[in-house]
Each structure stands twice: as structure tokens, then as C-alpha cells.
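Sequence lines, in order, name chains Z and S. Quick note: the first sequence uses the numbering used here, first residue 50, plus one each step. Quick note: the second sequence uses the numbering used here, first residue 50, plus one each step. Working notes for the structure below.
There are 2 protein chains.
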Amino acid sequence: MVDVAIVGTGHSKFGNRTDVNLQELAWEAVKQALEESNLDQKDIDMFVVGNAGGWSSEPLSAIVIGEYCNLAPKGTMRVEAACATGSAALRIAYQAIKAGDAKIAMVIGVEQMHQSPNPVAIEMMGRAGNYFWEFENFGLTFPGYYALYATRRMAKFGMKEEDLGQIAIKNHYYGSFNPYAMFQKQIKMDEYMKSRVVAYPLKVYDACPITDGAAAVILASEEVAKKITDSPVWIVSQGFKSGTANLSKRDDFISIDAARLAAEEAYKKARIDFENSWRYFDVAEVHDCFTIAEIMAYEDLGFAKRGEGHLLAREGQTYIGGRIPVNVDGGLKAKGHPIGATGVSMAVSITRQLLYRAHKGTQVDVKNGMGIAHNVGGTGHYAYVTIFSLKKPSA
Amino acid sequence: MVDVAIVGTGHSKFGNRTDVNLQELAWEAVKQALEESNLDQKDIDMFVVGNAGGWSSEPLSAIVIGEYCNLAPKGTMRVEAACATGSAALRIAYQAIKAGDAKIAMVIGVEQMHQSPNPVAIEMMGRAGNYFWEFENFGLTFPGYYALYATRRMAKFGMKEEDLGQIAIKNHYYGSFNPYAMFQKQIKMDEYMKSRVVAYPLKVYDACPITDGAAAVILASEEVAKKITDSPVWIVSQGFKSGTANLSKRDDFISIDAARLAAEEAYKKARIDFENSWRYFDVAEVHDCFTIAEIMAYEDLGFAKRGEGHLLAREGQTYIGGRIPVNVDGGLKAKGHPIGATGVSMAVSITRQLLYRAHKGTQVDVKNGMGIAHNVGGTGHYAYVTIFSLKKPSA
Numbered sequence: 050m051v052d053v054a055i056v057g058t059g060h061s062k063f064g065n066r067t068d069v070n071l072q073e074l075a076w077e078a079v080k081q082a083l084e085e086s087n088l089d090q091k092d093i094d095m096f097v098v099g100n101a102g103g104w105s106s107e108p109l110s111a112i113v114i115g116e117y118c119n120l121a122p123k124g125t126m127r128v129e130a131a132c133a134t135g136s137a138a139l140r141i142a143y144q145a146i147k148a149g150d151a152k153i154a155m156v157i158g159v160e161q162m163h164q165s166p167n168p169v170a171i172e173m174m175g176r177a178g179n180y181f182w183e184f185e186n187f188g189l190t191f192p193g194y195y196a197l198y199a200t201r202r203m204a205k206f207g208m209k210e211e212d213l214g215q216i217a218i219k220n221h222y223y224g225s226f227n228p229y230a231m232f233q234k235q236i237k238m239d240e241y242m243k244s245r246v247v248a249y250p251l252k253v254y255d256a257c258p259i260t261d262g263a264a265a266v267i268l269a270s271e272e273v274a275k276k277i278t279d280s281p282v283w284i285v286s287q288g289f290k291s292g293t294a295n296l297s298k299r300d301d302f303i304s305i306d307a308a309r310l311a312a313e314e315a316y317k318k319a320r321i322d323f324e325n326s327w328r329y330f331d332v333a334e335v336h337d338c339f340t341i342a343e344i345m346a347y348e349d350l351g352f353a354k355r356g357e358g359h360l361l362a363r364e365g366q367t368y369i370g371g372r373i374p375v376n377v378d379g380g381l382k383a384k385g386h387p388i389g390a391t392g393v394s395m396a397v398s399i400t401r402q403l404l405y406r407a408h409k410g411t412q413v414d415v416k417n418g419m420g421i422a423h424n425v426g427g428t429g430h431y432a433y434v435t436i437f438s439l440k441k442p443s444a
Numbered sequence: 050m051v052d053v054a055i056v057g058t059g060h061s062k063f064g065n066r067t068d069v070n071l072q073e074l075a076w077e078a079v080k081q082a083l084e085e086s087n088l089d090q091k092d093i094d095m096f097v098v099g100n101a102g103g104w105s106s107e108p109l110s111a112i113v114i115g116e117y118c119n120l121a122p123k124g125t126m127r128v129e130a131a132c133a134t135g136s137a138a139l140r141i142a143y144q145a146i147k148a149g150d151a152k153i154a155m156v157i158g159v160e161q162m163h164q165s166p167n168p169v170a171i172e173m174m175g176r177a178g179n180y181f182w183e184f185e186n187f188g189l190t191f192p193g194y195y196a197l198y199a200t201r202r203m204a205k206f207g208m209k210e211e212d213l214g215q216i217a218i219k220n221h222y223y224g225s226f227n228p229y230a231m232f233q234k235q236i237k238m239d240e241y242m243k244s245r246v247v248a249y250p251l252k253v254y255d256a257c258p259i260t261d262g263a264a265a266v267i268l269a270s271e272e273v274a275k276k277i278t279d280s281p282v283w284i285v286s287q288g289f290k291s292g293t294a295n296l297s298k299r300d301d302f303i304s305i306d307a308a309r310l311a312a313e314e315a316y317k318k319a320r321i322d323f324e325n326s327w328r329y330f331d332v333a334e335v336h337d338c339f340t341i342a343e344i345m346a347y348e349d350l351g352f353a354k355r356g357e358g359h360l361l362a363r364e365g366q367t368y369i370g371g372r373i374p375v376n377v378d379g380g381l382k383a384k385g386h387p388i389g390a391t392g393v394s395m396a397v398s399i400t401r402q403l404l405y406r407a408h409k410g411t412q413v414d415v416k417n418g419m420g421i422a423h424n425v426g427g428t429g430h431y432a433y434v435t436i437f438s439l440k441k442p443s444a
């Protein structure tokens with residue numbers, strides 16, 4: 050089977066980006082990725098656009114981007130996996146190369162959520178479950194979904210509001226060093242505790258923002274990668290799983306089952322021991338759409354035992370120097386969460402970390418040369434876990 | 050590389066299907082495909098949902114379908130390539146198996162366009178190009194786009210309105226034998242000529258309808274396919290290309306460039322000579338969203354020389370018994386065009402034709418054991434061309 054490497058990365062400034070249109074936003078990331086890899090549009094065999102859509106008035110975002118970025122007439126498609134859209138786009142390009150049908154593929158993740166007024170943007174997020182039954186009939190919204198998990202875990206495991214606050218504080222801390230982050234401002238526990246409650250116990254500072262942004266990576270087959278770069282970052286494996294649409298059909302509210310299953314799949318292919326998984330990685334990007342989601346991610350990825358995720362946060366074990374540095378680019382919380390871009394942004398962050406190209410103040414020590422990205426769509430409706438390495442997987 | 054076969058097919062009744070919801074509609078096709086292949090949901094490694102979306106109030110259609118069809122927690126994603134969405138879904142599953150990451154994959158194409166009121170449905174179709182510039186500023190709509198091609202070809206090649214009528218008459222003729230077709234009614238030339246003009250020269254009878262429907266295929270690796278069926282239909286190759294968003298950036302209005310390029314790519318991989326391509330195939334499904342699109346497809350696939358596509362129609366060469374039977378399931382024109390389902394429906398029709406399981410009155414003679422599907426998104430914004438065969442491609 051063909052090994053696949055990341056050979057170029059690009060990232061736009063995340064934030065309120067109504068200064069540009071969708072295709073201009075995508076181009077900021079595409080241009081950077083082309084320059085970094087020293088490639089030209091004509092070298093790209095295909096491109097995939099991760100764009101959940103609905104916020105922009107352009108329904109054919111892949112095509113509009115293809116024309117503007119001069120990627121037409123290359124083959125393309127747009128993919129959606131809710132908030133895991135970017136990882137789904139990565140998957141398609143990865144498999145096209147693995148299957149031998151492309152040598153070089155461009156993955157573009159982009160979302161411009163401020164194209165819609167905020168109430169529309171928020172209603173659309175709320176629909177990211179079972180619209181008809183749980184949203185329309187019971188009025189459950191997105192913060193409400195995650196609040197169910199947070200209250201259950203507070204009752205069962207003794208997790209405190211302050212534990213959630215630790216996640217917000219850490220991610221805002223690292224976001225302050227990331228020039229691409231939407232929020233580059235550190236926060237303190239008292240600010241966190243005083244912030245407005247959205248859905249108890251989740252407060253404004255527990256939630257990621259509505260964001261515009263783009264990220265891009267260029268993938269290449271081993272044969273090509275070796276010719277064009279001396280610093281490939283390999284995709285070792287990816288696991289992907291789904292969950293029921295209705296949360297009422299879930300067994301409990303203490304973990305994101307789909308994410309745990311996706312991690313198990315990725316670990317199995319990469320021969321990683323679940324219990325000791327954190328020993329394999331130098332850095333992790335996890336899906337902190339709400340702070341509670343990051344705490345569950347620790348457990349779903351095997352970084353902490355079930356019920357002990359919040360202790361990792363309490364002890365500061367996910368800062369640089371701790372057990373495993375997590376979301377040291379600011380995470381969704383501070384960097385922002387432009388839906389379609391997030392999964393691709395995670396791949397960009399991991400790649401740059403492994404190559405010692407991270408922003409000042411955020412660089413981890415690279416010992417094992419491996420990183421992991423955990424990207425969840427909806428409330429565990431989709432989950433994608435991807436493992437990256439400086440070492441070729443088939444070596 | 051792993052060879053990939055279709056081992057099961059399913060198809061819902063196409064039409065106004067507000068008698069069911071989106072997931073129930075999908076299930077009609079999924080159930081049939083599982084039964085035909087003698088497989089159970091637990092056997093499926095992953096599923097891909099082709100659903101352009103926007104008409105239904107459920108944004109996470111793949112997840113809602115996954116829960117209802119009991120496919121969760123298998124990995125999934127939703128893909129969109131405008132009217133070629135179904136073929137994009139097929140591509141993702143095909144490549145996952147080819148890449149060795151799945152053994153059995155389910156492809157579901159579904160759209161329930163009547164969930165939105167007709168003016169909304171039609172506006173959304175109109176946006177399938179460059180919304181901001183050509184739709185919003187110039188008022189171009191979907192029939193208008195294709196009318197540009199029709200008038201240009203009438204002026205340049207002497208094509209008559211009656212030539213377009215021949216396509217409508219043929220496709221309605223075959224649709225009358227297809228119990229799954231939205232329209233099962235034959236039409237005559239005088240009815241065609243009297244039908245209301247939508248965008249000259251295109252009339253109501255030149256246009257495919259707004260349709261609800263679902264189709265599904267199950268793909269398997271060679272190893273698995275051989276165990277579960279004695280009648281696999283192999284995917285030989287697929288070409289996919291894109292076009293500019295703005296029609297004002299196209300060179301001319303006589304052919305769908307992306308489709309021709311996609312055909313060339315598919316033919317190259319399958320070692321098919323473009324000039325004589327029609328000699329290789331027993332049956333073709335082409336994208337007749339408007340009658341003019343079918344005529345251009347004849348040329349873009351090499352069935353007729355450039356400028357002579359309408360002569361094939363005039364001479365009745367695309368009926369069963371002619372040069373090459375095209376759209377003998379009724380095509381988009383009579384069978385209907387539920388956006389996300391269409392490409393998958395094409396794969397179902399070709400598979401059943403090659404296996405002598407077509408509807409009475411529509412079965413072609415199978416001599417070479419090969420078929421081709423041509424699926425276009427927008428006005429050549431996307432194009433996917435797929436080749437199917439009774440013979441294993443690597444044999």
C-alpha cells in the first residue's frame with residue numbers, strides 16, 4: 050500500500066473574517082500550502098473541500114474555490130461531517146493517494162460562519178443532532194447537549210466547574226501565542242467563574258466561538274513526497290466512527306463513544322496500546338468545542354482513566370511539560386472553530402509541531418515524533434482520530 | 050491494488066415522496082441492497098451518504114440515516130458534488146476499499162426535494178453555479194445556463210428543437226417501463242413541441258423534474274465479493290473533473306469540458322479508445338438534466354463526433370438496438386433527478402442491466418459486459434464518469 054505524507058501546510062487568520070469572501074479566505078491557506086511545498090496548482094491531481102456549508106450563500110463552495118484558486122479542472126468534491134468535516138476531507142485525499150488514484154492532493158477546510166447573522170448561525174449549530182425530534186420538539190441546543198455530559202460527570206465523578214475552567218484557561222493561554230487565533234487573550238479563573246451561564250454548568254468561557262477561517266494541507270504519495278521535501282509528516286492511520294442522531298438513544302452521558310471507537314481503530318492500525326497511548330505522542334489536538342469535550346477526549350483517547358479526565362486538567366498535565374501537551378495552539382476554544390476548517394487546522398498544527406515550526410511559546414519537545422488529532426462532529430455524531438508521525442508507517 | 054465490485058443494489062420509487070421522511074426513504078434503498086447481497090448491517094465497514102442537502106431540515110443527514118438504518122457506529126461522511134453527488138459518494142467508498150481501509154462499504158444516495166416549497170427548490174437549483182455573480186447579479190437560472198448551450202448549438206450545428214424532443218420522447222418511452230420512475234407516461238412530438246417554454250429553446254419537456262428518491266449500492270473488495278456473490282459487477286475506473294464556477298469563464302457553449310476530461314481520464318485507465326468508445330459498452334447512463342445535456346454527453350463520451358450528437362438522437366441510435374442504448378431506465382428526464390441519489394441510481398441501473406435484471410421492456414443485449422455512467426454536477430461544474438464491467442479490471 051502507498052504511504053501518504055503531508056508535504057505542505059497553510060493556515061489563515063481565524064476570527065471574524067468578513068473582510069474577504071469564502072474563496073479569498075480559502076486562498077490564504079491554499080497559497081501558503083503551495084508556497085511551503087514549492088508546488089504549483091498544475092501539480093495537484095485533485096482537491097477536496099471540507100465545508101459544512103449553510104452559512105455562505107454559495108452552495109457550490111468547492112467549485113467557487115476551485116475557480117478562484119485556479120485548481121479547476123481538477124477533480125473535486127465537498128464533504129461534510131459536521132464539526133469533523135476537515136478530517137473527513139483529509140480522509141478522502143489520503144485514501145485517493147493510498148488507492149493509487151492520485152499522487153498529490155490538496156485538502157482545503159473552510160467556513161465563513163459570519164456570512165449568516167448570529168442567531169441563524171447558532172440555530173444551525175443547534176440542528177446538529179436530530180433536528181426534528183430533539184431540537185424542534187424538545188428545544189435542545191448545542192450547549193445543552195454538552196451540558197448533559199457535564200452535569201452527569203459532575204454528579205458521577207466529582208468534577209467541579211473549576212476543572213472545566215482549567216481547560217479554558219490553558220487554551221486561552223496558548224491561544225495568546227498563536228497569531229492565527231481568534232482570541233489572543235489570557236483569562237483567569239475568577240473571570241471564568243463569573244462568565245455568563247449558557248447551559249449550566251457551561252458558561253460563555255466554556256464554549257468555542259463562531260469563527261471564520263481556512264486551513265489547507267497538501268498530501269503526496271511516498272514516491273512524490275521524497276522528491277519534493279526532506280520533511281514529510283506521515284499519516285499513520287485514521288479511525289472514524291459515528292453515533293446515533295438522537296442523544297436519547299445513547300447509553301450514558303459520560304463519554305463520546307464514537308470518539309473512543311475511532312481512537313481504538315486508529316490505535317489498532319498504528320499498533321498503539323490504548324492504556325499507554327499518551328506515551329506515544331508528543332502533542333495532541335482534541336476537539337474542545339466545549340471545555341467538557343476536552344476532558345472527555347482525554348479519556349476517550351486513553352490519556353486518563355475513565356472518570357479521571359478532569360484530574361489531568363486540575364493537575365495541569367496537558368500543558369507543555371506535563372503528561373501530554375493538548376491544544377497548545379489554543380484549541381477550538383481560543384483559536385476558534387470554523388467548522389470545515391477545524392480538522393485541517395489540527396493537521397496543520399501537528400505537522401508544524403513535529404517539524405519544530407510551531408509559534409513561539411507553543412513548541413513542544415519532539416521525542417517520539419508522533420502526534421494525534423481528535424475531531425468530533427456534533428455531540429459524537431461523527432468522530433475522526435488521525436495519527437501523524439515523522440516515521441513512515443510501513444517502515 | 051484491490052479490485053472493487055458492486056455486490057448489492059437498492060432503489061426506491063422516485064417521485065413526490067413526502068409520504069416518508071428522509072431516513073425512511075433512504076431505508077427503502079438500503080434494505081433492498083442488504084437483501085440483494087445477503088448482508089447484514091454489521092457486515093458493513095463504513096457508509097457514505099450522497100446528499101446535496103438544503104431541502105431537508107436535517108443538516109446531519111448521514112447521521113440521521115445511520116441511526117435509522119442501524120448503520121451507526123460505522124464511520125461515515127456526507128458528500129456533495131451538486132448533481133454528481135451520488136457518483137462522488139461512490140468514489141469515496143470505492144477508494145476506501147481500493148486503499149485497503151474497508152472490505153465492504155455502503156453507498157447511499159438520497160434527496161427529498163419536496164421537503165422545501167417549489168420556489169425554494171428551484172432557487173436552490175439556480176444557485177448551482179456562481180451564486181453571487183451570475184445568479185444574484187445577472188439572474189441566470191439553471192434552465193438558462195443550459196439554454197445558452199442549446200441556442201449556441203442550434204446556431205452552429207443546425208440542431209433543431211425536434212432533436213431535443215427526440216431525447217424527451219425516448220426517455221419518457223423507457224420511463225414508462227420503469228416502475229421506479231417518477232413519470233411512467235409516453236409523450237409524442239406534438240405534445241413536446243407544444244409544451245411551455247422555460248428558457249428558449251428549452252421547454253417543460255426538456256427539463257428533469259424536482260424529485261425525491263434514494264438509491265444504494267454495496268461495494269466489496271475482490272476477496273469478499275467472491276465469497277458473497279457469483280455475480281459481481283466491477284468498477285473498472287472513474288474519471289472526475291471540475292469546471293469554472295462562472296460560465297462567463299468558459300471557452301464556448303458547445304460541450305461540457307469537465308465531462309469530456311473526466312471521460313478521457315476514465316477511458317485512459319480502462320484502455321478505451323475515445324473515438325470508438327461506444328463499441329465497448331452495452332449500455333450508458335448519461336446526465337440528461339435537460340435534453341441538451343444528453344446530446345452533449347454523446348459527444349463528450351465519444352459516442353458521436355463533435356457537433357453530431359443531435360444526429361444520433363434524430364436517427365434513434367440511442368434506443369435499444371441502435372449504436373448504443375442510453376438512459377433506457379428513463380434517465381433523469383422521466384425517472385426523475387433526486388440530486389444526491391442520481392449517480393447511485395445510475396450505478397444501480399448499469400449493474401442490473403449487465404446482470405440481465407433490468408425492468409421488462411428496458412433490458413439491453415449484453416455483449417461486451419460493460420456499461421458507463423456519466424454524471425454532471427451543475428453546468429459542468431462537476432463531472433464524474435464511471436466504467437463498470439462483468440470482467441475484473443486487473444484480470
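Ideal Cβ placement from N, Cα and C applies to all residues, glycine included.
On the DSSP bridge assignment, give the partners of residue 81 of chain S in chain order. The partner list for residue 81 of chain S (beta bridge, DSSP) is empty, contrary to what the question assumes.
Per DSSP, which one or two residues make a beta bridge with residue 283 of chain S? Its beta-bridge partners are S:54 and S:438.
Does residue 430 of chain S come within less than 7 angstroms of chain Z when only Cβ atoms are used? yes
Can a CB atom of chain S be found closer than 7 angstroms to the CB of residue 281 of chain Z? no
Which residues bound the beta strand (DSSP E) around residue 124 of chain S? 124-129
Identify every residue that forms a DSSP beta bridge with residue 155 of chain Z. For residue 155 of chain Z, the beta-bridge partners assigned by DSSP are Z:96 and Z:267.
Kindly list, in the order they appear in chain S, the residues whose Cβ is closer than 9 angstroms to that of residue 180 of chain Z. In chain order: 105, 106, 107, 108, 109 and 113.
Taking beta-carbon pairs under 7 angstroms, can you tell me which members of the segment 116-143 of chain Z lie near chain S? 116, 121, 122, 123, 124, 125, 126, 127, 128, 129, 130, 131, 137 and 141
Who pairs with residue 433 of chain S in a beta bridge, going by DSSP? Bridge partners of residue 433 of chain S: S:289 and S:424.
Chain-ordered neighbours of residue 306 of chain Z on chain S, where CB pairs are closer than 8 angstroms: 122
Note down, in chain order, all residues in the segment 330-350 of chain S with a beta-carbon under 9 angstroms from any beta-carbon belonging to chain Z. Answer set for the segment 330-350 of chain S: empty.
Where does residue 323 of chain S land, buried or exposed, given buried means 16+ other C-beta within 10 angstroms? Exposed is the call here.
At which residues does the alpha helix (DSSP H) containing residue 397 of chain Z begin and terminate? 388-403
Where DSSP assigns a beta bridge to residue 259 of chain Z, which residues make up the other side? Z:386
Burial state of residue 272 of chain S (16 or more Cβ within 10 Å): exposed
Span of the beta strand (DSSP E) holding residue 415 of chain S? Here residue 415 of chain S belongs to no beta strand (DSSP E), and DSSP marks it neither H nor E.
Can you give me, in chain order, the residues of the segment 142-161 of chain Z that have a beta carbon less than 7 angstroms from any beta carbon in chain S? 144, 145, 147, 148, 149 and 150
Can you list, in chain order, the residues of its chain with a C-beta nearer than 6 angstroms to that of residue 229 of chain Z? Leave out the 5 residues immediately preceding and following it. 60, 62 and 63
Kindly identify the DSSP beta-bridge partner or partners of residue 380 of chain Z. None; residue 380 of chain Z has no bridge partner.
Using C-beta distances below 6 angstroms, list every residue in its chain close to residue 75 of chain Z, excluding the 5 sequence neighbours before and after it, in chain order. 114, 157, 159 and 263
Who are the Cβ neighbours of residue 194 of chain S in its own chain at under 7 angstroms, not counting the five residues just before and after it? 178, 296 and 428
Is the Cβ of residue 391 of chain Z closer than 7 angstroms to any Cβ of chain S? no
Could you tell me whether the Cβ of residue 291 of chain S comes closer than 7 angstroms to any Cβ of chain Z? yes
Name the two residues that bound the continuous alpha helix (DSSP H) containing residue 308 of chain Z. 306-319
Range covered by the beta strand (DSSP E) that runs through residue 248 of chain Z: Note, residue 248 of chain Z: beta strand (DSSP E), 246-248.
Contacts of residue 427 of chain Z in chain S (Cβ-Cβ under 9 angstroms): Chain S residues near residue 427 of chain Z: 109 and 112.
Counting only the same chain and skipping the five closest in sequence on each side, list residues whose C-beta sits under 8 angstroms from that of residue 138 of chain S. Excluding sequence neighbours, residue 138 of chain S sits near 97, 98, 99, 128, 156, 157, 158, 389, 392 and 393.
Chain-ordered neighbours of residue 176 of chain Z on chain S, where CB pairs are closer than 9 angstroms: 106, 107, 108 and 109
Excluding five sequence neighbours on each side, which residues of the same chain lie with their C-beta closer than 6 angstroms to the C-beta of residue 327 of chain Z? 352, 372 and 373
Just to make sure I have the definition right: I need the residues of chain Z whose C-beta is within less than 8 angstroms of the C-beta of residue 88 of chain S. Which are they? Chain Z residues near residue 88 of chain S: none, gap ~18 angstroms exceeds 8 angstroms.
Near residue 532 of chain Z, which residues of its chain fall below 8 angstroms by C-beta distance, leaving aside the five closest residues on each side in sequence? No information on residue 532 of chain Z is available, as it lies outside the stretch 50 to 444 that chain Z covers here.
Which residues in chain Z have a C-beta closer than 9 angstroms to the C-beta of residue 294 of chain S? List them in chain order. 72, 107, 109, 112, 113, 114, 115, 116, 117 and 121
Residues within the segment 298-325 of chain S neighbouring chain Z, beta-carbon criterion of under 9 angstroms: 298, 306, 307, 310, 311, 314 and 318
Under a CB-based cut-off of 7 angstroms, is residue 242 of chain S close to chain Z? no
Chain Z partners of residue 50 of chain S, CB-CB under 8 angstroms? 148 and 149
Do you know whose CA, among S:50, S:435 and S:363, lies nearest residue 211 of chain S's CA? S:363
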